[in-house]
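Heads up: the structure comes next, in structure tokens.
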Amino acid sequence: MQTKRLLIVEDDYDVAEMLLMYFTSHKYEVYHADGGPEGIEIARKKFPNLILLDVMLPDMNGYEVCASLRQTSLTRHIPVIFLTQKDARADKVEGLELGADDYIAKPFDVDELRLRVQRSIERATRESLHESRTGLPTGPMVDEEVERAGLSDKNPRTFYLEIANFQPFGDKYGFMAANHVMTFATKIIFETVSERGTPDDFLGIQDDQFVVITHSDDPDAIAQTIADQFHQGARAFYTFTDADQGGILVNEGESDERLLPLMKLNIQSAEAQA
């Protein structure tokens, strides 16, 4: 089971500390921001599977934070659960109209909150909105973003990234190791796009193929950085023997013995695929 990334945007120190400790104990990777701008920045850099968002924040309220997240492609599809002291129907409606997935009033039962978080993440996966291993948008959301990019007059670049020799790696090392590779690749791609791209960029996945849409002035540099960083880190997933010999030896001692090279990222632009 992959570790789920959770972002808590909450300015009440006691509540934030309690939630951080609680969800960490349940094997979540937890990030915390005590203000709206910081929360938006962390969401762009860490790409959480879900955001717990307090409505009453000191700098910008939770509704404004949610609206900002929904305006950029990179964070548009992250599920959001509002936390608030308010329990008025109008406040709930406002949050849901902004695209929030759920709404829970303080004081809340933390076990109930955990179940709501879990179910929101599972629902996004079950409805083919998020891919289970990476948490990235998939299915119709990727199709929608690719179509939007094709119609845009801003001429974004679309890249397709696929891990070469991923299948033989999984065959030898198992699905858990393969999932760790997918998590590693997701981290590299997301962090590179977040740091070197624009707020309008998008990252998704379809059938083990990552999809990157970027409005960067130097999209080829982003693609090359991703490929280089994956190449540098891929060796760590192999045994010393496989890493030193440059890959996985199959049918050893047979007439058709061959070496399957170490994994790398193959990158094609949309123009090359067309």
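FYI, in the numbering used here the residues of the sequence shown are 76 to 349.
In this text, a Cβ means the ideal position worked out from N, Cα and C, and glycines have one as well.
Are the beta-carbon atoms belonging to L81 and N124 less than 8 Å from one another? Numbered from 1 along the sequence shown, position 6 holds the residue referred to as residue 81. Numbered from 1 along the sequence shown, position 49 holds the residue referred to as residue 124. Their beta carbons are under 8 Å apart, which means L81 touches N124 by this criterion.
Quick one: what does DSSP say V325 is sitting in, helix, strand or coil? By 1-based counting over the sequence shown, the position of residue 325 is 250. Reduced to three states, the DSSP call for V325 is strand.
Which same chain residues end up closer than 8 Å to P112 when comparing Cβ atoms and leaving out the 5 residues on each side of it in sequence? Residue numbering aside, residue 112 sits at position 37 when the sequence shown is read from its first letter. Answer for P112: D134, M135, listed in chain order.
Look at the alpha carbon of A302 and the alpha carbon of D184, and state the distance between them as a whole number of angstroms. Position 227 of the sequence shown, counted from the first residue, corresponds to residue 302. Position 109 of the sequence shown, counted from the first residue, corresponds to residue 184. So the alpha carbons of these two residues sit roughly 45 Å apart.
Excluding the 5 residues preceding and the 5 following T233 in the sequence, name in chain order all residues of the same chain whose CB lies nearer than 6 Å to its CB. Taking the first residue of the sequence shown as 1, we reach residue 233 at position 158. Result list for T233: A224, I288, A345, in chain order.
Bounding residues of the alpha helix (DSSP H) (the contiguous stretch that carries I175): To locate residue 175, count along the sequence shown from 1; it is residue 100. The sequence given here has Ala at residue 175, not Ile. Looking at the DSSP string, A175 is not in any alpha helix (DSSP H), and its letter there is neither H nor E.
Kindly indicate which three-state DSSP category G111 falls into: helix, strand or coil? Mapped onto the sequence shown, residue 111 falls at position 36. Helix at G111.
Where are the beta strand (DSSP E) runs, 3 residues long or more, that stay fully inside the segment 257–300, in chain order? 277–281, 284–289
Only counting the same chain, and skipping five residues up and downstream in sequence, which positions put a Cβ closer than 7 Å to that of D265? Counted from its first residue, the sequence shown places residue 265 at position 190. The amino acid occupying residue 265 in the given sequence is Phe; Asp does not appear at that position. Result list for F265: F122, L278, in chain order.
Out of curiosity, what's the CA-to-CA distance linking A253 and R208? Residue numbering aside, residue 253 sits at position 178 when the sequence shown is read from its first letter. Residue numbering aside, residue 208 sits at position 133 when the sequence shown is read from its first letter. Their Cα atoms are separated by approximately 10 Å.
If I measure Cβ to Cβ from S291 and keep anything under 8 Å in the same chain, skipping five residues before and after, which residues do I get? Here the question's residue 291 lines up with position 216 in the sequence shown. Counting only Cβ-Cβ distances below 8 Å, and skipping sequence neighbours, we find R232, R271, G272, T273, D276, I297.
Would you say M216 and H152 are within 8 Å of each other, going by their C-beta atoms? The residue you call residue 216 lines up with position 141 of the sequence shown. The residue you call residue 152 lines up with position 77 of the sequence shown. Closer than 8 Å, so yes.
Hey, how far is the Cα of D282 from the Cα of T316? Within the sequence shown, the letter at position 207 stands for residue 282. Within the sequence shown, the letter at position 241 stands for residue 316. Distance between the alpha carbons of D282 and T316 is about 30 Å.
Under the three-state DSSP convention, the category N230 falls into: By one-based count along the sequence shown, residue 230 stands at place 155. Note: N230 maps to coil in three-state DSSP.
By how many angstroms is the C-alpha of Q284 removed from the C-alpha of S330? Here residue 330 refers to the residue found at position 255 when the sequence shown is read from its first residue. Here residue 284 refers to the residue found at position 209 when the sequence shown is read from its first residue. In a straight line, the C-alpha of S330 is about 33 Å away from that of Q284.
Excluding five sequence neighbours on each side, which residues of the same chain lie with their C-beta closer than 8 Å to the C-beta of E332? Here the question's residue 332 lines up with position 257 in the sequence shown. Around E332: L324, V325, N326.
So, under 8 Å CB-CB, D129 and L158 are touching, yes? Tell me the CB distance rounded to an integer number of Å. Counted from its first residue, the sequence shown places residue 129 at position 54. Counted from its first residue, the sequence shown places residue 158 at position 83. With a Cβ gap of about 5 Å, D129 and L158 count as contacting.
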